[in-house]
Amino acid sequence: MKVLKFGGTSLGSAQRIKQVAEIISRENHCIVVCSAMAGVTDTLQEISSCWSRGNKQESFKIKADLLGFFEKHSRELFSGQYGFFKFREQLIFYFEEVEKLLRGHWTKQKEMQLLALGEVITSRLLQAYFLTELTQEIKRLDAFEFLHLNQGGDPSVSDIAQKLKNNYGKELSGRLITQGFICLDNSGGASNLGRGGSDFTATLLGAAIEASSIEIWTDIDGLRNNDPRYVDNTKALREISYAEAAELAYFGAKILHPACVWPASRQNIPIFLKNTLNPGSPGTAISGNVRASGIRAISAKSGISMVRIESARMLNAYGFLRRVFEIFDQWETPIDVITTSEVSISLTIDNPYYLEEIAASLEKFGKVTIEREQAIICVVGDVLACRQEHAGRIMKAMKPFQVNMLSFGGSRNNLTAVLPAKEKKDALQALHQQLFLQTQVPVTA
Ligand code: ASP
Ligand code: MG
């Protein structure tokens with residue numbers, strides 16, 4: 001059994017849904033995981049934001065437009081009146097639910113219920129197309145019935161496996177369809193896995209059913225060795241290891257949700273990144289047995305803030321780092337990159353929401369400096385093994401830039417540099433030139 005996940009742009013119009021259905025039709029045993037049609041989650045989020053700000057009229061207007069959006073695309077999708085009107089009944093039901101939510105006070109729980117409707121309606125639409133238009137069977141699994149977060153807010157593969165078995169048992173065969181992104185929290189309320197979380201649903205499900213493979217379908221030909229928006233002559237990556245894919249996903253490659261690699265890697269299930277617009281293209285295979293070695297790719301992530309704490313009290317003291325980390329913990333802010341010296345710590349965060357509060361709390365330790373508008377550049381591959389060959393090249397490429405932090409050896413698969421975001425594009429190009437285009441040129445760093 002395979003898991004096939006389709007992203008929002010792949011399901012973004014009647015035409016695209018037809019292409020997706022063709023891909024699914026080739027499989028006899030699979031679970032299809034749907035994202036919401038492109039733009040729908042943003043629109044639902046807007047309805048919620050307007051309502052919570054008291055702008056009720058605007059909420060109703062956006063809601064009416066969204067209904068119109070689904071009506072337009074579904075009218076195009078079904079050739080006859082029957083299919084369209086049958087689906088429209090479901091659509092009206094869900095929009096009545098929205099209307100009920102938009103009564104009285106706005107709560108976080110209502111927001112979560114509202115956001116879930118993007119995936120629920122899209123999966124209904126795809127299922128309806130299979131049943132009424134293609135007259136092919138496709139059974140529906142309800143993500144709320146098998147994907148429940150634990151007390152710590154995390155999903156568990158064994159819990160999903162158990163719930164699938166209890167709720168669906170022998171029905172878990174043939175073609176099945178479910179919703180990505182959505183789940184229940186540990187008190188049974190609607191919740192989700194965070195933006196872009198459908199990839200995560202796909203790999204969790206893949207691990208739970210011990211899938212033969214997990215295919216993540218988007219509208220690009222897999223991962224490339226650099227960001228084609230900033231760099232020319234980038235190359236497709238045919239295969240990449242789990243660890244490398246996780247680093248790339250976390251540090252900038254938007255194609256994949258960063259958390260989605262581990263469920264597959266733990267069970268050694270290959271993930272294939274494929275393109276719905278070019279289904280014949282091999283895409284990228286992510287697995288545990290990759291033959292390629294060396295430096296594989298470069299990626300970057302902007303919107304980073306850097307915090308530096310300088311304190312003589314760190315000298316020969318123990319427990320200092322713990323006390324610093326506790327402050328980030330208290331403000332629920334994850335740390336990405338860290339470098340330390342005997343008397344200072346530099347670290348980066350990508351969520352600056354509590355930056356002022358964090359800085360104020362850190363002042364008790366020493367001098368605190370904040371640099372906003374930074375970017376993380378990440379060189380991914382078997383970096384540790386290639387250090388002799390490539391360290392000089394990397395240094396040479398980075399020479400013109402104001403590198404504020406450099407982290408090497410934290411993982412064998414990445415070397416990370418932090419520099420001002422305005423230098424990101426030039427740095428990506430310089431590294432690309434040194435690492436991928438000039439391999440024969442001797443280096444004097
Ligand atoms: N629909 C959700 C989002 O837009 C989840 C996903 O597409 O993966 O973030
Ligand atoms: Mg996505």
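So the sequence shown is numbered by our numbering: it starts at 1 and just counts up by one. Glycine included, each C-beta is placed from N, C-alpha and C at the ideal position.
> Mind pulling the alpha helix (DSSP H) runs of 4 or more residues that sit fully within the segment 264-348?
Replying inline: 320-330
>> Please state the DSSP three-state secondary structure of A445.
In response: Numbered from 1 along the sequence shown, position 445 holds the residue referred to as residue 445. Residue placement at A445 cannot be trusted, given a pLDDT of 40 that sits under 50; the coordinates are not used to answer.
>> For a quick check, are the C-beta atoms of M395 and S346 less than 8 Å apart?
In response: The residue you call residue 395 lines up with position 395 of the sequence shown. The residue you call residue 346 lines up with position 346 of the sequence shown. In this structure, S346 does not lie closer than 8 Å to M395 by Cβ.
> Apart from the five residues on each side of it in sequence, which residues of its chain come closer than 7 Å, Cβ to Cβ, to D199?
Replying inline: Here residue 199 is taken as the residue at index 199 of the sequence shown, counted from 1. Around D199: K5, I216, L256, H257 and C260.
> Can the beta-carbon of L91 be found less than 8 Å from the beta-carbon of F70?
Replying inline: To locate residue 91, count along the sequence shown from 1; it is residue 91. To locate residue 70, count along the sequence shown from 1; it is residue 70. Yes, they are a contact pair.
>> Let's test the definition: count the other Cβ atoms within 10 Å of the Cβ of Y242 and tell me whether it reaches 16, buried, or not, exposed.
In response: As a position in the sequence shown, residue 242 is number 242, starting the count at 1. Result: buried.
> Beta-carbon separation of M1 and S212 under 8 Å?
Replying inline: Locating residue 1 in the sequence shown gives position 1, where the first residue counts as 1. Locating residue 212 in the sequence shown gives position 212, where the first residue counts as 1. Contact flag set, yes.
> Between G303 and P400, what straight-line distance do the alpha-carbon atoms span, to the nearest angstrom?
Replying inline: Within the sequence shown, residue 303 is the residue found at index 303, counting from 1. Within the sequence shown, residue 400 is the residue found at index 400, counting from 1. Their Cα atoms are separated by approximately 21 Å.
> Opposite C30 in the DSSP bridges: which residues?
Replying inline: Stepping through the sequence shown from its first residue, residue 30 is reached at position 30. The partner list for C30 (beta bridge, DSSP) reads K2 and R175.
>> Since R393 and L435 should fall inside the 8 Å C-beta cutoff, what is the C-beta to C-beta distance between them, to a whole number of angstroms?
In response: The sequence position of residue 393 within the sequence shown is 393, counting from 1. The sequence position of residue 435 within the sequence shown is 435, counting from 1. Contact flag correct, Cβ pair sits at about 6 Å.
> How about R195: is its Cβ closer than 7 Å to a heavy atom in ligand 1?
Replying inline: Position 195 of the sequence shown, counted from the start, is the residue given in the question as residue 195. For ligand 1, at least one heavy atom lies less than 7 Å from the Cβ of R195.
> Just how far apart, CA to CA, sit Y354 and T333?
Replying inline: Against the sequence shown, residue 354 aligns to sequence position 354. Against the sequence shown, residue 333 aligns to sequence position 333. Roughly 8 Å separates the two Cα atoms.
> In its own chain, which residues sit with a C-beta less than 7 Å from the C-beta of G180, not counting the 5 before and 5 after it?
Replying inline: Start at 1 with the first residue of the sequence shown, and residue 180 comes out as number 180. Same-chain partners within the cutoff: K5, V33, C34, S35, E119, G197, S198, T201 and A202.
>> I'd like to confirm something about E247: is its beta-carbon nearer than 7 Å to some heavy atom of ligand 1, or not?
In response: Taking the first residue of the sequence shown as 1, we reach residue 247 at position 247. No, ligand 1 has no heavy atom inside 7 Å of this Cβ.
>> I need the boundaries of the alpha helix (DSSP H) containing C50, first residue and last residue.
In response: Stepping through the sequence shown from its first residue, residue 50 is reached at position 50. Run containing C50: V40 to S52, per the alpha helix (DSSP H) assignment.
> With a CB to CB cut of under 7 Å and the five nearest residues on each side skipped, what residues in its chain are close to Y82?
Replying inline: In the sequence shown, residue 82 corresponds to position 82, counting from 1. Contacts found: T132.
> What residue does the alpha helix (DSSP H) around V20 start on, and which one ends it?
Replying inline: Position 20 of the sequence shown, counted from the first residue, corresponds to residue 20. V20 -> alpha helix (DSSP H) spans A14 to S25.
>> If I measure Cβ to Cβ from H390 and keep anything under 7 Å in the same chain, skipping five residues before and after, which residues do I get?
In response: For the purposes of this step, residue 390 is identified with residue 390 of the sequence shown, where counting begins at 1. Closer than 7 Å at Cβ, skipping near neighbours: I295 and L435.
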